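First up is the structure itself, then whatever we jot down about it.
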Amino acid sequence: MIMLKVTDLKVNYGGIEALKGISFDVRQGQIVSLIGANGAGKSTTLRAISGLVNPSSGSINFMGRDITSFNSQKIVAEGVALVPEGRRVFSNLTVKENLKIGAYLRKDKDEIEEGIKDIYRRFPRLREREWQLAGTLSGGEQQMLAVGRAMMAKPKLLMMDEPSLGLAPLVVKDIFSIIRDLKSEGITILLIEQNANAALRCADFGFVMETGRITITGSGPELLVNKAVKDAYLGSN
Amino acid sequence: MFDKMLPYLLSGISVGGQYALIAVGYTMVYGILRLINFAHGDIFTAAGFFMVYIAASLPVQAAIPLVVVLTVALGYLVERVAYKPLRTAPRMSVMISAIGVSYLLQNLMWYVTGGLAKQYPTIPFISNSITIGTATTKVVTLVTPLLTILLVIALVTVIQKTKIGMAMRAVSKDFETAQLMGIKINSVISTTFIIGSLLASIGSVLYFSNYTSVTPTVGAMPGLKAFVAAVFGGIGSIPGAVIGAFIIGICENIIKALGYTTFSDAFTFALLIVILLFKPTGLFGEKTSEKV
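Protein chains in written order, with numbering that gives the first Met the number 0: chain A, 0 to 236; chain B, 0 to 291.
As structure tokens, then:
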């Protein structure tokens with residue numbers, strides 16, 4: 000089943016066309032990776048889906064509803080969560096408050112407490128630091144918190160913008176194993192990565208973006224052996 | 000010596016509390032919008048006039064809640080009309096809009112009052128005289144610091160313990176990410192203006208009960224001093240604003256006690272310059288604990 004359908008999406012930033020009409024689908028239960036160089040329009044794509052930027056044309060359809068004109072708040076309520084680039088945890092809130100605020104729109108108090116416990120089971124480091132301000136966490140811990148915070152919204156679609164950026168290789172491995180875990184629990188994931196290798200390895204499907212367009216599409220394994228992708232994003236061997 | 004100082008100290012603590020109630024409005028709005036709300040002092044003055052006109056036809060006890068409601072409505076309206084449409088505009092535009100609102104309110108008050116000082120009603124109980132040791136003062140002098148501290152504790156509790164408080168802290172840090180959590184930025188901002196105006200209206204009742212009349216520009220000076228207090232304490236920090244306000248109130252009155260009344264205002268503004276030069280983040284200014 001198609002969960003997210005983006006059709007001919009265009010976004011302008013003060014006269015510059017950041018997205019020049021992209022179309023793609025995300026199927027339920029899959030991991031879809033968007034790869035590409037800096038400035039290709041990957042983040043803009045996620046920001047447009049989240050309602051942080053308004054597309055100039057095109058449409059975004061989520062679970063059969065047209066959400067193109069929805070504001071961020073409504074889009075979260077529909078079940079789309081974004082783990083933003085650079086983690087963006089609330090550094091002035093405690094770890095626990097960051098998780099609570101992820102569930103801001105939820106009313107089911109008891110289940111929210113359960114949800115927090117569940118996040119702590121996944122990321123025991125966060126439990127140890129429950130009462131610490133999020134700004135004092137290490138980069139990897141902040142990324143775990145950002146993922147945990149997004150999951151607190153109980154999203155149907157989890158979008159992640161460069162979750163491995165600036166993290167140590169071991170932590171990057173952790174992050175990708177978390178992404179696989181989430182998939183096995185039935186969460187659909189739309190992932191942006193500069194680390195094309197890792198992103199394509201875990202992806203069911205992948206898109207390559209170049210200057211506002213999708214230029215290559217294919218399954219994860221296909222893209223991993225695609226010559227153009229290999230040359231441009233994966234290194235020669 | 001102490002006998003001579005006591006009335007000044009009492010009055011300093013009291014004035015400090017009144018400044019504090021105004022300063023919290025400045026500092027909260029700055030914390031969320033990074034905006035110096037220049038209209039805040041005029042909203043404080045407007046609260047004074049609301050009291051003048053309402054008390055003309057209603058008993059003061061009934062007038063006070065009405066004054067609070069009207070002041071809150073005015074603060075809310077100013078935000079909706081003059082700041083909200085500029086949400087994505089450069090910060091300078093919003094600041095100029097704030098200056099515009101300030102002049103608009105002042106001139107409206109000139110227009111309505113015809114520029115005449117209006118007699119402020121006597122507030123029962125808090126206007127009564129009371130003798131503490133050697134000092135004779137009004138009850139308001141004692142009520143102000145107590146009420147201020149109670150209100151500030153209540154406010155800090157709301158901000159630290161409630162959901163809306165958590166949303167306010169999140170919005171003050173990062174608008175965009177707060178939106179991604181599903182927080183309605185505009186209602187958080189409105190709440191901030193409502194709280195600021197609420198405290199200013201209470202501050203106004205306490206402040207003007209020490210004076211006989213209200214004029215359209217009378218709020219400018221306490222407004223400015225409250226602003227200095229907010230900067231002194233570290234703009235954006237509520238405890239900072241309160242402590243800054245008490246320090247300024249007390250210092251001003253000690254200077255008066257020493258016989259330099261002429262310089263008491265100058266002191267406050269000299270303090271502003273010194274802070275901006277040597278510790279621009281103030282006493283409790285935002286520490287940067289983030290890892291990049």
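Glycine residues also receive a C-beta, built at the ideal position from the N, C-alpha and C atoms. Bear in mind that the values here come from a model prediction, so they are computed numbers and not experimental data.
Determine, using beta carbons only, whether E140 of chain A and R124 of chain A come nearer to each other than 8 Å.
yes
Relative to the alpha-carbon of W109 of chain B, which residue among B:T190, B:L141, B:F48 has its alpha-carbon at the smallest distance?
B:F48
In the DSSP assignment, what residue or residues form a beta bridge with R137 of chain B?
Before going on, a small fix: residue 137 of chain B reads as Lys here, not Arg. For K137 of chain B, which the question treats as bridged, DSSP gives the partners B:S128.
What runs of the beta strand (DSSP E), each 3 residues or longer, lie entirely inside the region 34-66 of chain B?
none
Taking only runs that begin and end inside the region 97-167 of chain A, name each unbroken beta strand (DSSP E) of 3 or more residues, in chain order.
156-160
Cutoff 8 Å: E327 of chain B Cβ touching any chain A Cβ:
For chain B, the structure presents residues 0 to 291; residue 327 of chain B sits outside this window and is missing.
Boundaries (first-last residue) of the alpha helix (DSSP H) holding N196 of chain A
195-200
Starting from N185 of chain B, trace the alpha helix (DSSP H) both ways and give me its first and last residue.
184-207
Using CA atoms only, rank isn't needed, just tell me which of A:V25, A:G185, A:R148, A:D117 is closest to K4 of chain A.
A:V25
Can you list, in chain order, the residues of the region 168-183 of chain B whose Cβ is nearer than 7 Å to any Cβ on chain A?
R168, A169, K172, D173, E175, T176, Q178, L179, M180, G181, I182, K183
Within the 8 Å Cβ cut-off, does F89 of chain A reach chain B?
yes
In whole angstroms, what separates the C-alpha of S176 of chain A from that of R200 of chain A?
11 Å
Can you tell me whether T287 of chain B is buried or exposed? The criterion is at least 16 other CB atoms within 10 Å of its CB, across all chains shown.
Residue confidence is low: T287 of chain B scores 49 on pLDDT, short of 50, so the model does not pin down where it sits. No coordinate-derived value is stated.
Is I100 of chain A close to chain B, meaning its C-beta is less than 8 Å from at least one C-beta of that chain?
yes
Is it a yes or a no for the region 57-65 of chain B touching the region 112-124 of chain B, going by three-plus beta-carbon pairs under 8 Å?
yes
Test: P54 of chain A CB closer than 8 Å to a CB of chain B:
no
Using 8 Å as the threshold, is the region 196-203 of chain B in touch with the region 15-34 of chain B, meaning 3 or more CB pairs across them?
yes
Start-to-end residues for the alpha helix (DSSP H) that takes in L33 of chain A
Not the alpha helix (DSSP H): L33 of chain A falls in the beta strand (DSSP E), residues 30-35.
So, is the C-beta of S49 of chain A closer than 8 Å to a C-beta in chain E?
Protein chains A and B are contained in the structure displayed, whereas chain E is not.
Helix, strand or coil: how does DSSP classify E221 of chain A here?
helix
Applying the 10 Å Cβ sphere with the 16-neighbour rule, what's the burial state of I1 of chain A?
exposed
Would you report the Cα separation of L223 of chain B and G40 of chain B, rounded to the nearest angstrom?
7 Å
Look up N11 of chain A in the DSSP assignment and say whether it is helix, strand or coil.
strand
Taking the CB atoms as reference points, tell me whether V88 of chain A and L144 of chain A lie closer together than 8 Å.
yes
My guess is that K255 of chain B and Y102 of chain B are in contact by the Cβ rule of under 8 Å, so how many angstroms apart are they, rounded?
Not a contact, Cβ separation roughly 31 Å.
State the Cα-Cα distance for the pair F266 of chain B and F1 of chain B, rounded to the nearest angstrom.
22 Å
From the beta carbon of E127 of chain A, is the nearest beta carbon of chain B less than 8 Å away?
no
Through-space distance from D107 of chain A to L92 of chain A, alpha-carbon basis
22 Å
Taking 8 Å as the CB-CB limit, is Y103 of chain A close to chain B?
yes
Given that a residue counts as buried once 16 or more other Cβ atoms are within 10 Å of its Cβ, and exposed if not, what is A228 of chain B?
buried
For A76 of chain A and chain B, any beta-carbon pair shorter than 8 Å?
yes
Using DSSP's beta-bridge definition, name the partner residues of D24 of chain A.
A:K4
When you check each C-beta in the region 146-166 of chain B against every C-beta of chain A, which residues fall closer than 9 Å?
K162, M165, A166
Assigned exposure category for Q142 of chain A - 16 Cβ within 10 Å defines buried
buried
For A219 of chain B, three-class secondary structure by DSSP
helix
Just mark E112 of chain A as buried or exposed, buried being the case when its beta carbon has 16 or more other beta carbons within 10 Å.
exposed
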